[in-house]
Amino acid sequence: MRTSDTVLTVSNLSLTFGRGKTALQALDNVSLSVKQGEILSLVGESGCGKSAAMMAILGLLPKRVAHISASDIRLGDMDLAGASQRALRKIRGNRIGMIFQDPMTSLNPVHTVGFQIGEVVRRHRGVSWKQARQQALRMLDLVRIPDPARRLASYPHELSGGMRQRVMIAMALVCEPELLIADEPTTALDVTVQAQIMALIDELRTDLGMSVVLITHDLGVVAAAADRVAVMYAGRIVEDGPVEAVFRRPSHGYTAGLMRSLPSDGQVHQGRLQEIPGSVPRLARAADHCAFAPRCAFAGSRCRREVPQPSDLGSGHSTRCFEHASVFAELAENSIVRAWR
Amino acid sequence: MAVSDSQIRLNASAPVPERRNPTLEALMEAAREPWTIICSLILLGFLAMAALAPLLAGDPLAINPALRLRPPSFEAFWGTDHLGRDVFARAMNGARMSLTVGVSVAILSAIPGVAIGIFAGMNRLGGALVMRVIDAMMAIPAVLLAIALAALLQPGLTTLIIAISIPEIPRMVRLVRSVVLSVREQPYVDAAVSVGTGGLKLVTKHILPNTIAPVIVQATYAAASAIIASAVLSFLGVGTPPDIPSWGGMMADARKFFQFYPMLMVYPGALLSLLVLVTNVLGDRLSDALDPRKMARSI
Amino acid sequence: MIRYAAARILAGIPTLLLVSVFIFSLAHITPGDPAILLAGDNATPSQVAEIRTRLHLDLPLVQQFGLWLGDALRLDLGKSIYSGKPVTQLIAQRVEPTLVLSFVTLVLTVLVAVPLGAVSAWKANSIIDRISMGIAVAGFSIPVFVIAYLLVYFFAVKLRLFPVQGYKWLADGWMATLNSVTLPAIALAFVFSALIARVTRASVLEALGENYIRTAHAKGLGAPRILFVHALRSVGVPVITVIGIGFATLIGGVVVTESVFNIPGIGRLTVDAVTRRDYPVIQGVILFFSVALIFINLLVDLSYAYIDPRIRG
Chain A
10 MRTSDTVLTV
20 SNLSLTFGRG
30 KTALQALDNV
40 SLSVKQGEIL
50 SLVGESGCGK
60 SAAMMAILGL
70 LPKRVAHISA
80 SDIRLGDMDL
90 AGASQRALRK
100 IRGNRIGMIF
110 QDPMTSLNPV
120 HTVGFQIGEV
130 VRRHRGVSWK
140 QARQQALRML
150 DLVRIPDPAR
160 RLASYPHELS
170 GGMRQRVMIA
180 MALVCEPELL
190 IADEPTTALD
200 VTVQAQIMAL
210 IDELRTDLGM
220 SVVLITHDLG
230 VVAAAADRVA
240 VMYAGRIVED
250 GPVEAVFRRP
260 SHGYTAGLMR
270 SLPSDGQVHQ
280 GRLQEIPGSV
290 PRLARAADHC
300 AFAPRCAFAG
310 SRCRREVPQP
320 SDLGSGHSTR
330 CFEHASVFAE
340 LAENSIVRAW
350 R
Chain B
717 MAVSDSQIRL
727 NASAPVPERR
737 NPTLEALMEA
747 AREPWTIICS
757 LILLGFLAMA
767 ALAPLLAGDP
777 LAINPALRLR
787 PPSFEAFWGT
797 DHLGRDVFAR
807 AMNGARMSLT
817 VGVSVAILSA
827 IPGVAIGIFA
837 GMNRLGGALV
847 MRVIDAMMAI
857 PAVLLAIALA
867 ALLQPGLTTL
877 IIAISIPEIP
887 RMVRLVRSVV
897 LSVREQPYVD
907 AAVSVGTGGL
917 KLVTKHILPN
927 TIAPVIVQAT
937 YAAASAIIAS
947 AVLSFLGVGT
957 PPDIPSWGGM
967 MADARKFFQF
977 YPMLMVYPGA
987 LLSLLVLVTN
997 VLGDRLSDAL
1007 DPRKMARSI
Chain C
75 MIRYAAARIL
85 AGIPTLLLVS
95 VFIFSLAHIT
105 PGDPAILLAG
115 DNATPSQVAE
125 IRTRLHLDLP
135 LVQQFGLWLG
145 DALRLDLGKS
155 IYSGKPVTQL
165 IAQRVEPTLV
175 LSFVTLVLTV
185 LVAVPLGAVS
195 AWKANSIIDR
205 ISMGIAVAGF
215 SIPVFVIAYL
225 LVYFFAVKLR
235 LFPVQGYKWL
245 ADGWMATLNS
255 VTLPAIALAF
265 VFSALIARVT
275 RASVLEALGE
285 NYIRTAHAKG
295 LGAPRILFVH
305 ALRSVGVPVI
315 TVIGIGFATL
325 IGGVVVTESV
335 FNIPGIGRLT
345 VDAVTRRDYP
355 VIQGVILFFS
365 VALIFINLLV
375 DLSYAYIDPR
385 IRG
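The structure is reproduced here in structure tokens:
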């Protein structure tokens, strides 16, 4: 079912917060593309810029502090980089839906579920409240909320976390967008509910024929759901490719670190999980070397001198790592990597 | 808890790296802002006006019917009123009376307010009862209560101050009590209680210092609203007797001639508004500087 | 919902009881014999004695209070010393101007202050924000009678758009009534708005940082809808609360404003009673205003449930 139609293209997106002394470079020449019907996963620690990238694309960052530049941002055949706020408002909630990490606080506590879903339809389709309600009802049914007619009149505080995230999904998808951006959609939920929500997203993508950008810090979620993965570190995409390729042949020091910190499926892990020492640097300007080098077990002197450029590993898999060969050699016997082979 | 009192003391007396008082620093920073400086200078001007009134201006009480409603002259900078009294002299003395009321009410509402508030915060049952009474007092509109008290007691400056202070106390009590309750939740106070710190020591060492900043802010607002209230009372004729010149009284006198001599009302009205304005602005600055959570003005 | 309402109403009763204790005791904190006070300045000794018996001033205080409260519950607040008319009747005759003035002020305030506060929050630290918050500080710094006279001078004396003073009763046509209360209502609203605009700004500013506002943006909603339907609606509780609390200040303002504009309302009645030391009337109007204030705050409490569904539960 996969076609080569590209839904979202982003080229050389850079983002800086603030100016002068307090400036903070959040993104440095990020390029990515999402094909129709696929789930692209953006992975990285908090603060690496994965959410900021999506917020920047949607024009959701405050203009006064967020300075964005990009050679191209394109949704289908529409240019988003040069689009006005007015044009972007017509895109948001309509052609691009978005759901957030915390369903507890992402719904307005003083409006009913039906109102909050219905107003999206009314905003973008200009239909009557009655029709909007019908549409909301259909969506609640689609995201498998029991007794949807009654739930339309519920307030968010009357629903469980999982139910609220379903409502968020219904709200994001009610206009049948081409693209769903899911920002850590399961992080705040119970483990059992997490799996249900991911299964729902996966299923709806097939039913509605949409693409998904799944932002997460959890490689387990990536392995289970995504088609392609882009690993981000300190504002740059350091490795990307099809999920099978990346899991079979992890080729960046940071990806390797993420994998080692993951408990392997179905196995009692030996010893303790490994953590990556240190934390994501906050940079005033993009680093003039591999930003991960200070925390990397594989880093050589070159890593601390130059910015690695993407090197193609075949079948759409590329990495920005000088030492990708030794990374792979080291990880070849990792249980996860073995499981994928 | 396994930590003994002596260990805590040991820790407390351990050499602490030189650290400046954050409250003091916040105040210093606020003091450098242009609005703070302007308002402080204006307030100083009012203080000078009040202190130097007898030197700067003539007799505010001397009646001279022959010189009624005169325009400004060298003898009377702002002209004379309907009884031929020197408006400038009366206005200068009015500053004296307004500042006296403002400062007195601030102090007289703060002291009982803090005492009652601490009691209400420390004592569960007594606190509940006190808060019932406070709620009821707040159900009576403040100005109305002040008017009634002022009208019923012997007229005079002391009466006026008391009449205005009493309705101010409940706000102070509420504020102090809420501070006490939140301080009691703090882990370090919990720790102090668990190592057996007694009630009195708890209040003087931990609770009282925390109430100082909000009480100062609230007292500033109380001063501002007391100045308005005293003007209202004088304006309605239940303030100070005529031999104490007040801005409110001057405006009440000016009412009859307002359409033809509006300046008689403008002088006291402008001074009154300016004094209250700078007091309120300073209160806001203090509040911003002293409280990181931007303590909201508690009406 | 009904249980919540019942609980709120019951909570008001002890407050009301304590308020009546205060008002009752006002007569007894004054120096001298309350009978002499109540009889007025020109009473003969026999009149004083008659009052003492009639008002049971010879009985113990607690018993006196019981009798006074019993009468008050039957809406008998005694008779005016000055006119001899029942206090209840005096108040009833003067309710209309005060109600009209307060209502117009409230409408004016909500229409001006709430949007102003919300827009200031949306444009925080902009010129609009700074100017409107500057005006707000001025608003509660300038005494209401100063504003009232400024308005009278420009709009009544100079421009002759409104009457200088006086009140036109509703029975004579509501247009005339509205015309006669416009200036006093603007004066009052200026003070009242200052408070409400500040609280609205602070609450909306906080709400705008909430996650559900980000969701609203992600839904493609426009600025007015996000600001008014999502942010403002969710800060309804603090804003309504401050409107309720602000009523205490407003009542003080009504007393002064009615006096400035010579409006024959309850505020004017209060001032007249105070200057005449007409004690039963003073007690009566304070009780009236306090009950009104408690009632308004009850309405405020009940409106929480309407505004915030979480409270209904």
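Protein chains in written order, with my numbering: chain A, 10 to 350; chain B, 717 to 1015; chain C, 75 to 387.
Positions of the beta carbon are idealized from the N, C-alpha and C atoms, including for glycine.
These figures come from a predicted structure and were not determined experimentally.
*Mind pulling the alpha helix (DSSP H) runs of 4 or more residues that sit fully within the segment 139-205 of chain C?*
161-196
_the segment 57-69 of chain A touching the segment 308-318 of chain A, judged by at least three CB pairs closer than 8 Å_ = no
*Report the rounded CA-to-CA distance for A:D274 versus A:I345, giving the unit in angstroms.*
Walking along the first sequence from the start, residue 274 of chain A turns up at place 265. Walking along the first sequence from the start, residue 345 of chain A turns up at place 336. Per-residue confidence for A:D274 stands at a pLDDT of 49, beneath the threshold of 50, marking its modelled position as unreliable; the derived number appears in the next sentence. The alpha-carbon atoms of A:D274 and A:I345 are separated by roughly 8 Å.
*Short CB-CB distance (under 8 Å) between B:Q975 and chain C*: The residue labelled residue 975 of chain B in the question sits at position 259 within the second sequence. For B:Q975, the answer is yes, since a Cβ of chain C falls inside 8 Å of its Cβ.
*chain C beta carbons: is any one of them nearer than 8 Å to that of B:R675?*
In this structure chain B extends from 717 to 1015, so residue 675 of chain B is not present and cannot be described.
*Near A:L271, which residues of its chain fall below 7 Å by C-beta distance, leaving aside the five closest residues on each side in sequence?*
On the first sequence, residue 271 of chain A is found 262 positions in, with the first residue counted as 1. Closer than 7 Å at the Cβ level, and outside the excluded window around A:L271, lie L228, G229, I345.
*Inter-residue spacing [alpha-carbon to alpha-carbon] between C:F369 and C:G310*: Taking the first residue of the third sequence as position 1, residue 369 of chain C is located at position 295. Taking the first residue of the third sequence as position 1, residue 310 of chain C is located at position 236. Spanning the two alpha carbons is a distance of roughly 19 Å.
*Is the Cβ-Cβ distance between A:M207 and A:A243 less than 8 Å?*
Translated into the one-based positions of the first sequence, residue 207 of chain A becomes position 198. Translated into the one-based positions of the first sequence, residue 243 of chain A becomes position 234. No, the Cβ-Cβ distance between A:M207 and A:A243 is not below 8 Å.
*Comparing alpha-carbon positions, which option in C:S267, C:V330, C:Q357, C:I360 lies nearest C:G320?*
Taking the first residue of the third sequence as position 1, residue 320 of chain C is located at position 246. Residue C:S267 is the option with its Cα nearest to C:G320.
_Neighbourhood of C:I300 by C-beta distance below 6 Å, restricted to the same chain and skipping five residues each side_ = Stepping through the third sequence from its first residue, residue 300 of chain C is reached at position 226. Around C:I300: A290.
*Identify every residue that forms a DSSP beta bridge with A:K30.*
Locating residue 30 of chain A in the first sequence gives position 21, where the first residue counts as 1. None; A:K30 has no bridge partner.
*asked:* Does A:V221 come out as helix, strand or coil in the three-state DSSP assignment?
replied: Mapped onto the first sequence, residue 221 of chain A falls at position 212. Of the three classes helix, strand and coil, the one that applies to A:V221 here is strand, per DSSP.
*Sorted by chain position, which residues of the same chain lie with C-beta nearer than 6 Å to C:F219's C-beta, five sequence neighbours on each side aside?*
Within the third sequence, residue 219 of chain C is the residue found at index 145, counting from 1. For C:F219, where only same-chain residues beyond five positions count, the Cβ hits under 6 Å are V330, V334.
*asked:* In this structure, how does DSSP classify C:R77 when only helix, strand and coil are distinguished?
replied: On the third sequence, residue 77 of chain C is found 3 positions in, with the first residue counted as 1. C:R77: helix per DSSP, three-state reduction.
*In chain A, which residues lie less than 7 Å from C:Y286 when you measure between Cβ atoms?*
Here residue 286 of chain C corresponds to residue number 212 of the third sequence, with the count starting at 1. Chain A residues near C:Y286: T114, S115, L116, N117.
*Identify the residues that DSSP records as bridge partners of B:T874: which are they?*
Taking the second sequence and counting its residues from 1, one reaches residue 874 of chain B at position 158. Its beta-bridge partners do not exist; DSSP assigns none.
*Buried or exposed: B:P1016, going by 16 or more other Cβ atoms within 10 Å of its Cβ?*
For residue 1016 of chain B there is no data in the structure shown, the boundaries of chain B being 717 and 1015.
*B:R848 versus chain C: which residues are under 9 Å apart at the beta carbon?*
Numbered from 1 along the second sequence, position 132 holds the residue referred to as residue 848 of chain B. Here the neighbours are P88, T89, L92.
*Using a threshold of 8 Å, state whether the C-beta atoms of A:I285 and A:G309 are closer than that.*
Numbered from 1 along the first sequence, position 276 holds the residue referred to as residue 285 of chain A. Numbered from 1 along the first sequence, position 300 holds the residue referred to as residue 309 of chain A. Contact: no.
*Roughly how many angstroms lie between the CA atoms of B:A986 and B:T913, to the nearest whole one?*
One-based indexing of the second sequence puts residue 986 of chain B at position 270. One-based indexing of the second sequence puts residue 913 of chain B at position 197. Going by the C-alpha atoms only, they are around 53 Å apart.
*Per-residue burial, B:L771 [other beta carbons within 10 Å of its own, 16 or more giving buried]*: What you label residue 771 of chain B is simply residue 55 of the second sequence in a count that begins at 1. So B:L771 counts as exposed.
_Helix, strand or coil for A:G275? Go by DSSP, reduced to three states._
For the purposes of this step, residue 275 of chain A is identified with residue 266 of the first sequence, where counting begins at 1. Note that A:G275 scores 44 on pLDDT, short of 50, meaning its location in the model is unreliable; the coordinates nonetheless yield the value given after this. Coil at A:G275, not helix or strand.
*How big is the Cα-Cα spacing for B:P750 and B:L998?*
Translated into the one-based positions of the second sequence, residue 750 of chain B becomes position 34. Translated into the one-based positions of the second sequence, residue 998 of chain B becomes position 282. If I take the Cα positions, the gap works out to 12 Å.
*State the start and end residues of the unbroken beta strand (DSSP E) segment that holds A:R160.*
On the first sequence, position 151 is the one that residue 160 of chain A refers to. A:R160 -> not in any beta strand (DSSP E); alpha helix (DSSP H) instead, spanning 157-160.
*Cβ pair A:H226, A:V52 closer than 8 Å*: Taking the first sequence and counting its residues from 1, one reaches residue 226 of chain A at position 217. Taking the first sequence and counting its residues from 1, one reaches residue 52 of chain A at position 43. Yes. Within cutoff.
*Run through the segment 228-254 of chain A for me and flag every whole beta strand (DSSP E) of 3 or more residues, listed as ranges in chain order.*
237-242, 245-251
*asked:* Extract the residue ranges of the beta strand (DSSP E) inside the segment 882-924 of chain B, only unbroken runs of 3 or more that lie entirely within it.
replied: none
*Quick one: give me the first and last residue of the alpha helix (DSSP H) that A:V133 is part of.*
Here residue 133 of chain A refers to the residue found at position 124 of the first sequence. Looking at the sequence itself, residue 133 of chain A is His, so the reference to Val does not match. A:H133 -> alpha helix (DSSP H) spans 122-134.
*Stretch-stretch touch, CB-based, cutoff 8 Å, three pairs: the segment 166-184 of chain C with the segment 257-276 of chain C*: yes
*Return helix, strand or coil for B:I856, following the three-state DSSP convention.*
Taking the first residue of the second sequence as position 1, residue 856 of chain B is located at position 140. Coil, per DSSP.
_At the level of alpha carbons, what is the spacing between A:P290 and A:L33?_
Here the question's residue 290 of chain A lines up with position 281 in the first sequence. Here the question's residue 33 of chain A lines up with position 24 in the first sequence. Approximately 11 Å, taken between the alpha carbons.
*Could you name the residues of the segment 828-857 of chain B whose beta carbon sits closer than 9 Å to any beta carbon of chain C, in the order they occur along the chain?*
R848, V849, D851, A852, M853, M854, A855, I856, P857
_For C:T274, the nearest candidate out of C:R77, C:P189, C:L244 (CA to CA)_ = Looking up residue 274 of chain C in the third sequence gives position 200. Nearest option by C-alpha distance: C:P189.
*With a threshold of 16 other CB atoms inside 10 Å of the CB of C:R288, please say whether the residue is buried or exposed.*
Position 214 of the third sequence, counted from the first residue, corresponds to residue 288 of chain C. When all chains shown are included, C:R288 counts as buried.
*Where C:T89 and C:N371 are concerned, what is the direct C-alpha to C-alpha distance, given to the nearest angstrom?*
Locating residue 89 of chain C in the third sequence gives position 15, counting from the first residue. Locating residue 371 of chain C in the third sequence gives position 297, counting from the first residue. Using only the alpha carbons, I get a separation of about 12 Å.
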